[in-house]
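Protein chains: 2
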Amino acid sequence: MANIKQIAEAAGVSVATVSRVLNHHPYVSESKRRAVEEAIERLQYSRNMNAVHLIKGITQTIGVVLPQINHPYFSQMIEGIAHRALECNYQLMLCQTNYNLDEELKVLNMLRNKQIDGLIVCSRSISLNQMEAYTPYGPIVLCETLHNSTLSSVYLDHYTSFQKAIHYLWDKGYHDIGFTLYRHNSSNSLRRKQAYTDTLHALGGQPRKEWILMNQIGIGGGANLAKWFLQMNEKPSALLITGDDLAAGFLIAAHQNGLRVPEDIAIIGFDNQPIADVLNITTIDTRLQEIGSRAFDIAYQQINGEHEGPVTEELSFRLIERGTV
Amino acid sequence: MANIKQIAEAAGVSVATVSRVLNHHPYVSESKRRAVEEAIERLQYSRNMNAVHLIKGITQTIGVVLPQINHPYFSQMIEGIAHRALECNYQLMLCQTNYNLDEELKVLNMLRNKQIDGLIVCSRSISLNQMEAYTPYGPIVLCETLHNSTLSSVYLDHYTSFQKAIHYLWDKGYHDIGFTLYRHNSSNSLRRKQAYTDTLHALGGQPRKEWILMNQIGIGGGANLAKWFLQMNEKPSALLITGDDLAAGFLIAAHQNGLRVPEDIAIIGFDNQPIADVLNITTIDTRLQEIGSRAFDIAYQQINGEHEGPVTEELSFRLIERGTV
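Chains X and E supply the protein sequences, listed in that same order. The first sequence: position 56 = 56 (the UniProt record's numbering), numbered continuously. The second sequence: position 81 = 81 (the UniProt record's numbering), numbered continuously.
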């Protein structure tokens, strides 16, 4: 590895001058600063990138906070982020947090400590207030509905998507509607619950707490969902299932139990996963890949000084009509 | 950010001494080195991690090379890697390469440039020779069968798994066997092709090139696989399908086309994905999460000096008997 002395020799300056450049000291002539930077470039065959990052002040790395990698919801988002990162010559620092607060703070501190240039938060446990305190250290982009914040966000509004899906079911004659949620108190879950209550009240329907099932996830959760449905005395006639893999698992279990879809139970899935296409499941396209790529672009533009202040961007969803309603 | 001058003041040494410590200069007394390191720790509220990494010589970051994130095969592996990384307080630098050689080289150079402490290669395009040249810069762990290399590896042997699956089909009376491959020339694909030919020859069967289908992937590829199968005049009686999601897509398309499984066509999937359980698909458990976590552990132990030289570790697969054979 080229050390500071070799750089000084190659640049024809003193070691102290190299130190000053490395530490962004103001009293260095422009010509000497350039000479040092060029020497480092020239010696790149053995340069330590940590030294280069000290000089440039950027790492060409974006952090991504997500609870879990191996889940279609998040892996679609990462796909979108990774695609744009590749095109922009950026690396991704992937931080699987399992919704652990300490892990989320650790990543925020990576931003403060200049180990990453910006941060994309796919989902979080930490409060917005806590996160906003890190705004001065670099761009932070959240993937959830957000207004009046110092943080940026790109999202699809889950209030509106639930509202639209309920209207669609209502118009098709399904008035007894239930739904699934993975987390009780996530920002997206709270908006979905609110939309459920508001929309059914507005339509003259009956929101019912016993028609909400929590904590089921993935295709493997479908059997639990079917069991829950079969055990109820008063059953809903339609379900919003927040994840096409869970909807697919339910559909398969429903068939195995002799239920007809949509005659006995209509379903709308979410996220437009490939399995929904294969099994002809009506779904809401939540555009996860695009949310990921837009989140990267917003962070990238802010790193490069193209935006002052937070950016808020809402993508519109679409309902894909297939055979389960 | 604490600059070199502040560190020097806090440590009670000269700026030149801090420089020497930062650059691993040999002529620094142990007490002064410790004073500088302690000053940096004390000033951590504003330290630049790139400076800390210069001092410590480690980044607590592992690079992961993989062609694609949003695919069950790789996301299961990442899950295993990420789980152990979280436990060991390591970050993951995720490099989605799309099998692009330049991207793979870029990550290898991150290892040389000390931006990462070690590297896990889930799948690659680059030659082993090219990769071995990077061995001096840090641990590199591949997830494929490897012998007599300076690189480490952890793998499940796909020659043996194909051999075992073919024997299983043969014993059940299926002698006309085909299979799918995603990539033509990957190390795993070459081993699978060899096992197919060798095993059928040994059994007195007939390996047939027209019974190999390339380039299909994911549940969406199942319809193409079914179409290919239906169009053949002489059809195999069984298929090894390298990916349970692809096998699931095939199973669904087969049912839609009035084919009975296993009566008209028996199938064995790979990877023991949740969808194989839900659809009762016979599969080979390729233990991808464990491969990921073991790969991390090997790299981690080498970073911490617990191993000299390359480590080779083979995991054993198991065949899970279900309803499609």
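The C-beta atom is built at its ideal place from N, Cα and C for all residues, glycine as well.
- In this structure X/T282 touches X/T324 by the C-beta definition: roughly 5 Å separates them, less than 8 Å.
- Scanning its chain for C-beta atoms nearer than 6 Å, with the 5 sequence neighbours on each side dropped, one finds around E/L108 the residues Y134, in chain order.
- Not a single CB atom of chain E sits nearer than 7 Å to the CB of X/I267.
- For the stretch 205-223 of chain X, residues whose beta-carbon sits nearer than 8 Å to a beta-carbon of chain E comprise G218, I219, G220, G222, A223.
- Shown here for E/S293: same chain residues with a beta carbon closer than 7 Å to its own, the five before and five after excluded, namely G80, I81, H83, R84 in chain order.
- Taking E/Y300 as the centre and dropping the five residues before and after it, the same chain places the C-beta of C88 closer than 6 Å to its C-beta, in chain order.
- The C-beta of X/A82 comes closer than 7 Å to at least one C-beta of chain E.
- In the three-state reduction of the DSSP assignment, X/M214 falls in the strand class.
- Note on geometry: alpha-carbon atoms of E/S187 and E/I217 lie some 18 Å from one another.
- Close to chain X, meaning a Cβ-Cβ distance shorter than 9 Å, are the following residues of the stretch 288-307 of chain E: Q289.
- With respect to the C-alpha of E/R260, the residue from E/T160, E/Q289, E/S237 having the closest C-alpha is E/S237.
- Per the coordinates, the alpha-carbon of E/E290 lies some 9 Å from the alpha-carbon of E/Q76.
- Taking C-alpha positions only, X/L169 is separated from X/L319 by approximately 11 Å.
- Relative to E/I116, the option among E/H167, E/Q60, E/S161 whose CA is nearest is E/Q60.
- E/A16 is the residue among E/A16, E/S153, E/E38 whose C-alpha sits nearest the C-alpha of E/V28.
- With its beta carbon less than 7 Å from one in chain E, X/V278 belongs to the interface.
- Considered as a whole, the stretch 52-131 of chain E harbours 72-87, 101-112 as its complete alpha helix (DSSP H) runs of no fewer than 4 residues, in chain order.
- E/Q96 has a beta carbon lying within less than 7 Å of a beta carbon in chain X.
- For X/R183, the secondary structure class from DSSP, reduced to helix, strand or coil, is coil.
- When C-beta distances to chain E are compared with 7 Å, the residues of the stretch 62-78 of chain X below that value are I69, N70, S75, Q76, I78, in chain order.
- In the three-state reduction of the DSSP assignment, E/L43 falls in the coil class.
- For X/R322, there is no enclosing alpha helix (DSSP H), since its DSSP letter is neither H nor E.
- An exposed status is given to X/A202, since fewer than 16 other beta-carbon atoms sit within 10 Å of its beta-carbon.
- Take the alpha-carbon of E/E38 and the one of E/I4: they are about 13 Å apart.
- Cβ contact annotation for E/N215 (same chain, cutoff 7 Å, sequence separation greater than five): Y182, in chain order.
- With 16 or more other Cβ atoms inside 10 Å of its own Cβ, E/Q273 counts as buried.
- Listed in chain order, the non-local C-beta contacts of X/G220 below 7 Å within the same chain comprise G249, local neighbours out to five positions each way being set aside.
- Bounds of any alpha helix (DSSP H) do not take in X/F270; it lies within the beta strand (DSSP E) bounded by 266-270.
- Collapsing the DSSP output to three states places X/S29 in coil.
- When the alpha-carbon of X/A295 is set against those of X/M110, X/K32, X/V121, X/I40, the nearest one is in X/V121.
- At least one CB of chain X lies nearer than 7 Å to the CB of E/G249.
- Residue environment for E/H147: exposed (fewer than 16 other C-beta atoms within 10 angstroms of its C-beta).
- The alpha-carbon separation between X/G222 and X/G305 amounts to approximately 46 Å.
- Taking a cut-off of 8 Å on C-beta distances, the stretch 251-268 of chain X does not touch the stretch 306-316 of chain X, as fewer than three cross pairs fall below it.
- The residues A248, L251, in chain order, have a CB closer than 7 Å to that of E/L279 in the same chain once the five nearest residues on each side in sequence are set aside.
- By the criterion of a C-beta distance shorter than 6 Å, X/L142 is surrounded in its chain by V121, L151, S153, once the five residues flanking it on both sides are discounted.
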